[in-house]
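Trainee:
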Amino acid sequence: MRAVVVAAPGAVALADVPAPAVEDPADAIVRVTTAAICGSDLHFLHGRAPVTAGDVMGHEAVGIVTAVGNAVTRVAEGDRVVLSFVNTCGACWWCTHGQHALCDRSRVFGAGAFGGHLAGTQAEAVRVPGADANLLLVPDAIDDERAVFLGDVLPTAVASAAMAAPAAGETVAVVGAGPVGLLTAQALLGAGADRVVVLDREPERLALAGSSGALAVDVRERDPEMTLAGLTEDRGADAVVEAVGSVDAFGTALDVVRRGGRVVVAGMYAGDVTELQLGVWWARALQVRFLGLCPVQAWWEAARDAMLTGTVDPAPLISHRLDLDEAPHGYDLFARRAATKVLLRP
Amino acid sequence: MGLTPGYPSSVDGPMAFPSQAWFDEFRTHINASDEYREAAADWEGDIAFLIKAEPDKGVPTDVWGWLDLWHGECRGAGLIDEARASNAAYGITAPYTRWKDVLLGDLDPIKGMMQGKLKVRGDLPTIVRQVRAATELVRLTGEVPTAFPDEAR
Numbered sequence: 001m002r003a004v005v006v007a008a009p010g011a012v013a014l015a016d017v018p019a020p021a022v023e024d025p026a027d028a029i030v031r032v033t034t035a036a037i038c039g040s041d042l043h044f045l046h047g048r049a050p051v052t053a054g055d056v057m058g059h060e061a062v063g064i065v066t067a068v069g070n071a072v073t074r075v076a077e078g079d080r081v082v083l084s085f086v087n088t089c090g091a092c093w094w095c096t097h098g099q100h101a102l103c104d105r106s107r108v109f110g111a112g113a114f115g116g117h118l119a120g121t122q123a124e125a126v127r128v129p130g131a132d133a134n135l136l137l138v139p140d141a142i143d144d145e146r147a148v149f150l151g152d153v154l155p156t157a158v159a160s161a162a163m164a165a166p167a168a169g170e171t172v173a174v175v176g177a178g179p180v181g182l183l184t185a186q187a188l189l190g191a192g193a194d195r196v197v198v199l200d201r202e203p204e205r206l207a208l209a210g211s212s213g214a215l216a217v218d219v220r221e222r223d224p225e226m227t228l229a230g231l232t233e234d235r236g237a238d239a240v241v242e243a244v245g246s247v248d249a250f251g252t253a254l255d256v257v258r259r260g261g262r263v264v265v266a267g268m269y270a271g272d273v274t275e276l277q278l279g280v281w282w283a284r285a286l287q288v289r290f291l292g293l294c295p296v297q298a299w300w301e302a303a304r305d306a307m308l309t310g311t312v313d314p315a316p317l318i319s320h321r322l323d324l325d326e327a328p329h330g331y332d333l334f335a336r337r338a339a340t341k342v343l344l345r346p
Numbered sequence: 347m348g349l350t351p352g353y354p355s356s357v358d359g360p361m362a363f364p365s366q367a368w369f370d371e372f373r374t375h376i377n378a379s380d381e382y383r384e385a386a387a388d389w390e391g392d393i394a395f396l397i398k399a400e401p402d403k404g405v406p407t408d409v410w411g412w413l414d415l416w417h418g419e420c421r422g423a424g425l426i427d428e429a430r431a432s433n434a435a436y437g438i439t440a441p442y443t444r445w446k447d448v449l450l451g452d453l454d455p456i457k458g459m460m461q462g463k464l465k466v467r468g469d470l471p472t473i474v475r476q477v478r479a480a481t482e483l484v485r486l487t488g489e490v491p492t493a494f495p496d497e498a499r
């Protein structure tokens with residue numbers, strides 16, 4: 001079958017790879033109808049996870065179940081499903097306490113050794129271990145293009161918004177207007193934040209933020225810290241969601257949050273190092289929470305419901321729809337920040 | 347805005363902040379201050395000040411200011427580049443508006459450092475112990491005839 005594989009450090013290519021088959025009674029095979037390229041794929045490809053040549057990329061996909069092992073009970077052949085990018089056992093203490101991504105047996109699709117060597121989703125088909133715990137049935141009211149967001153980006157956004165816990169009258173800042181940041185802004189507004197301020201430097205992305213009801217701020221033109229100070233009688237944002245995954249973005253989040261405020265770190269980090277003055281953090285009584293890998297299974301039903309009620313809509317974020325063969329072009333677009341969300345159709 | 351009587355000055359009118367002329371004038375006032383000389387008698391080390399750009403306030407790019415402070419004397423002052431700033435013993439970073447607040451007496455610099463409004467590179471306790479010297483430095487900025495870019499527009 002066709003699949004997008006690592007060709008060399010930082011480069012992908014289309015290749016023929018063996019089609020997946022049921023290897024365990026809890027497995028399902030999903031024929032992928034829509035996959036997507038995520039910012040994390042670029043992180044993996046550029047060294048934040050040890051992917052190697054030949055590894056199949058991707059961790060977002062929606063499709064049709066074509067086969068199941070004899071232990072699978074919750075999905076069946078022919079079901080339309082979305083898969084969680086983080087694959088877990090579904091039964092351990094972590095999985096039964098809403099912290100699936102911390103499961104000792106968790107793996108991530110398309111992330112090489114870092115992800116437990118689980119073949120990725122940018123392919124014609126994918127094997128999903130633990131199908132009962134890691135597949136969600138997609139209602140007819142949600143099309144494939146929207147459903148593909150339910151496996152990673154949208155639960156991440158909904159979880160981030162919930163962790164930011166906006167109260168009525170509060171101002172929340174979102175650092176970064178990528179897909180997670182934009183959907184977090186939508187989720188925050190839906191969760192009751194009085195004002196959501198999205199910080200970025202890309203005009204197209206800021207326009208998307210503005211159209212969702214957020215206040216979009218171009219950080220090339222306005223200082224983030226003083227902008228939030230100006231909106232809050234010099235206090236700063238009540239809560240901040242860092243949705244980039246860079247030391248600079250983390251620093252911006254700390255710059256704009258008020259004393260006693262809440263910082264949710266949703267961006268992905270690996271070997272990044274930053275200096276912090278514990279005394280200043282302590283004196284500011286900061287509440288910093290790291291989301292880590294999103295426990296998708298704890299949030300995807302809430303994300304699905306938010307989509308069904310119209311609270312969030314990821315469709316405007318889709319900038320490119322490409323055939324699977326065009327994946328290298330899609331990665332290039334993403335790397336140049338010329339795309340917001342790239343969908344791939346096998 | 348006039349100068350405090352008795353303090354020497356090299357200019358007659360207000361100077362733009364941040365500018366070389368402003369730091370030159372500030373240095374003159376520092377070295378004329380007996381209070382500062384006494385308060386900072388044990389201070390050693392130059393300080394780089396990053397005034398972060400605020401294009402909408404008339405500060406289009408980052409600006410690094412610098413004071414070489416040594417036992418109550420200001421041995422040098424002015425604008426420097428980023429490379430030189432990184433070699434300074436201490437660095438303090440804030441957006442332009444925060445610095446303006448300091449100059450106007452609206453933001454206490456020691457409190458600003460503890461609140462993260464002024465970000466310090468270097469040993470924070472060493473700096474915050476210099477409360478008297480910092481207070482006198484701020485008072486002296488008030489003696490520099492200053493033109494702020496966002497008020498000139």
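For the protein sequence lines, the chains are A and B, in the order given. Note that our numbering has the first sequence beginning at 1, numbered continuously upward. Note that our numbering has the second sequence beginning at 347, numbered continuously upward. C-beta atoms are modelled at their ideal positions from N, C-alpha and C, and glycine is treated no differently.
1. What does B/D402 touch in chain A if you count any residue whose Cβ is under 7 angstroms from its own?
2. So, is A/T121 buried or exposed, given that buried needs 16 or more other C-beta atoms within 10 angstroms?
3. Where are the beta strand (DSSP E) runs, 3 residues long or more, that stay fully inside the segment 278-342 of chain A, in chain order?
4. Looking at the strands, I want to know which residues DSSP matches up with A/I29.
5. Could you work out which residues of chain B lie near A/A409, taking near to mean beta carbons separated by less than 7 angstroms?
6. Please check the pair B/A489 and B/H375, which I expect to be a contact at CB under 8 angstroms, by giving their CB distance rounded to whole angstroms.
7. Give the secondary structure of B/N433 by DSSP, where H, G and I count as helix, E and B as strand, and everything else as coil.
8. Give a yes or no on whether the minimum CB-CB distance between B/G462 and chain A is below 7 angstroms.
9. Strictly under 7 angstroms for the Cβ-Cβ distance: is A/R284 near chain B by that measure?
10. Looking only at its own chain, which residues have a Cβ that is under 6 angstroms from the Cβ of A/T311, when we skip the five neighbours before and after it?
11. Kindly say whether B/T443, judged by its beta-carbon, lies nearer than 7 angstroms to any beta-carbon of chain A.
12. With distances taken from CA atoms, which of A/V22, A/D238 and A/D323 is nearest A/P129?
13. Here's the rule: buried if 16 or more other CB atoms are within 10 angstroms of the residue's CB, otherwise exposed. What is A/A82?
14. CA-CA distance, B/A394 and A/L14?
15. Taking the beta carbon of B/P351 as the centre, do at least 16 other beta carbons fall within 10 Å, making it buried, or is it exposed?
16. At a CB-CB cut-off below 8 angstroms, which residues of chain A make contact with B/L470?
17. Can you name the residues of chain B whose CB is closer than 7 angstroms to the CB of A/M268?
18. Under 7 angstroms Cβ to Cβ from B/P354, same chain only, skipping five residues before and after it: list those, please.
19. Since I believe B/A367 is in contact with B/R479 (beta carbons under 8 angstroms), could you give me their beta-carbon distance rounded to a whole number of angstroms?
20. In the DSSP assignment, the beta strand (DSSP E) including B/L396 goes from what residue to what residue?
21. Here's the rule: buried if 16 or more other CB atoms are within 10 angstroms of the residue's CB, otherwise exposed. What is B/K512?
22. Got a sec: is the Cβ-Cβ distance from A/M57 to anything in chain B below 7 angstroms?
23. Roughly how many whole angstroms lie between the Cα atoms of A/V296 and A/H320?
24. For B/P360, I'd like the list of residues in its chain whose CB is within less than 6 angstroms of its CB, leaving aside the five on either flank, ordered along the chain.
25. Could you run through the segment 225-253 of chain A and flag, in chain order, every residue whose CB is less than 7 angstroms away from some CB of chain B?
26. With burial defined as no fewer than 16 other Cβ atoms inside 10 Å of the residue's Cβ, what is the status of B/F372: buried or exposed?
27. Have a look at A/A19 and A/G271 and give me their C-alpha separation to the nearest angstrom.
28. In three-state terms, what does DSSP make of B/W412?
29. Let me know the secondary structure DSSP gives A/R201 once reduced to three states.
Mentor: Taking the coordinates as given:
1. E221 and R222
2. buried
3. 287-290 and 320-323
4. A/A67 and A/R127
5. Outside the shown range of chain A, which is 1 to 346, sits residue 409 of chain A, and nothing can be said about it.
6. The sequence given here has Glu at residue 489 of chain B, not Ala. Right, the Cβ-Cβ distance comes to about 5 angstroms (below 8 angstroms), so this counts as a contact.
7. coil
8. yes
9. yes
10. G190
11. yes
12. A/V22
13. Looking at the sequence provided, one finds Val at residue 82 of chain A rather than Ala. With 16 or more other Cβ atoms within 10 Å, it is buried.
14. 52 angstroms
15. Reliability fails at B/P351, whose pLDDT of 32 lies under 50, so the model's placement of it is uncertain and no value is given.
16. Q277, G279 and V280
17. Residues of chain B passing the Cβ test: none, with the nearest at roughly 25 angstroms.
18. Any reading at B/P354 must be qualified, since the residue scores a pLDDT of 39, below 50, and its modelled position is unreliable; no value is offered.
19. According to the sequence provided, residue 479 of chain B is Ala. The question's Arg does not apply to it. 24 angstroms between Cβ atoms; not a contact.
20. E390 to K398
21. This structure leaves residue 512 of chain B out entirely; chain B is present only between 347 and 499.
22. no
23. 24 angstroms
24. M347, P491, T492 and A493
25. E225 and M226
26. buried
27. 34 angstroms
28. strand
29. coil
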